[in-house]
Amino acid sequence: MAAKDAKNAFGMMINLARAEPVRPAAASVLNEMLGQTTIWTQRVLSG
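Residues in the sequence shown are numbered consecutively from 91, following this note's numbering.
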């Protein structure tokens with residue numbers, strides 16, 4: 091379930107990034123969120 095939620099969050103972030111031109115500050119926040127999500131997902135999947 092957690093992996094599915096992470097995948098959904100990842101998809102939403104990608105869609106948000108594609109949907110409109112992202113200002114540099116927003117892009118920076120998005121990249122940070124993406125990095126944190128990736129780290130969290132790796133921790134969850136590695137148990």
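Backbone N, C-alpha and C fix where the C-beta goes; we use that ideal spot for every residue, glycine too.
Cβ pair residue i, residue j closer than 8 Å
i              : j              : result
alanine 96     : threonine 127  : yes
methionine 123 : methionine 103 : yes
Inter-residue spacing [alpha-carbon to alpha-carbon] between residue i and residue j
i              : j                 : result
isoleucine 129 : leucine 135       : 10 Å
asparagine 98  : alanine 115       : 23 Å
asparagine 121 : glycine 137       : 24 Å
glycine 125    : phenylalanine 100 : 10 Å
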